[in-house]
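**Q** Numbering (the UniProt record's numbering), first residue to last: 1 to 162.
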């Protein structure tokens, strides 16, 4: 149970809300192509840390909210994030034992998968062309994982989220 009898869901949802806000934050044009996938990274973290609480259903909801907030075709981010969380949740015990550097590399790979699924669906639905900028956020997200993982871990420990 979380600190002061507060439900752990409140803390998890608060971190996901912050990630969604960071995902839709207005940015200069130079940063648009390299902005990390905050929502996906936070959902990946909670899936590794608490797979019994954050699962494919949570990923679908967060992805659907991301579709609404970004104005993309409904279900694209939801499906892509669900596939990534499926891969993460089926390997969460291995991922927990990796160093943060190894986790960052795998998060980068998972987010490349995320962006390739988004591209594939957009290619099928709205006929877009592939550019390297499609997967660039995966690399910056992997770098930001080195900072985000310890921040979310201390957040989880401070509020005793289980």
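Glycine residues also receive a C-beta, built at the ideal position from the N, C-alpha and C atoms.
From residue 130 to residue 112, what distance separates their C-alpha atoms?
**A** 13 angstroms
**Q** Excluding the 5 residues flanking residue 88 on each side, which residues of the same chain have their C-beta closer than 6 angstroms to its C-beta?
**A** Taking C-beta separations shorter than 6 angstroms and ignoring five residues to either side along the sequence, the partners of residue 88 in its chain run 44, 47, following chain order.
**Q** Between the Cα of residue 15 and those of 114, 54, 86, 35, spot the shortest distance and give me the residue it belongs to.
**A** With respect to the C-alpha of residue 15, the residue from 114, 54, 86, 35 having the closest C-alpha is 54.
**Q** So which of 119, 12, 25 has the shortest CA-CA distance to residue 52?
**A** 12
**Q** Less than 8 angstroms between the CB atoms is what I'm expecting for residue 59 and residue 114, so what's the real figure, rounded?
**A** Not quite, the Cβ-Cβ distance comes to about 10 angstroms (not below 8 angstroms), so this is no contact.
**Q** State whether the region 136-154 contacts the region 94-105, with contact taken as three or more CB pairs (one from each stretch) at a distance under 8 angstroms.
**A** yes
**Q** Counting along the chain, where does the alpha helix (DSSP H) carrying residue 55 start and finish?
**A** Unbroken run through residue 55: none, as it is neither H nor E.
**Q** Identify, in the order they occur along the chain, each residue of the same chain with its Cβ nearer than 7 angstroms to the Cβ of residue 118, setting aside the five sequence neighbours on each side.
**A** Taking residue 118 as the centre and dropping the five residues before and after it, the same chain places the C-beta of 76, 77, 80 closer than 7 angstroms to its C-beta, in chain order.
**Q** To test your reading of the DSSP string, which unbroken alpha helix (DSSP H) runs of 4 or more residues are found completely within the region 3-91?
**A** 8-24, 29-32, 38-49, 56-70, 76-89
**Q** Compute the Euclidean distance between the alpha carbons of residue 56 and residue 39, then round it to the nearest angstrom.
**A** Between residue 56 and residue 39, the C-alpha separation is close to 14 angstroms.
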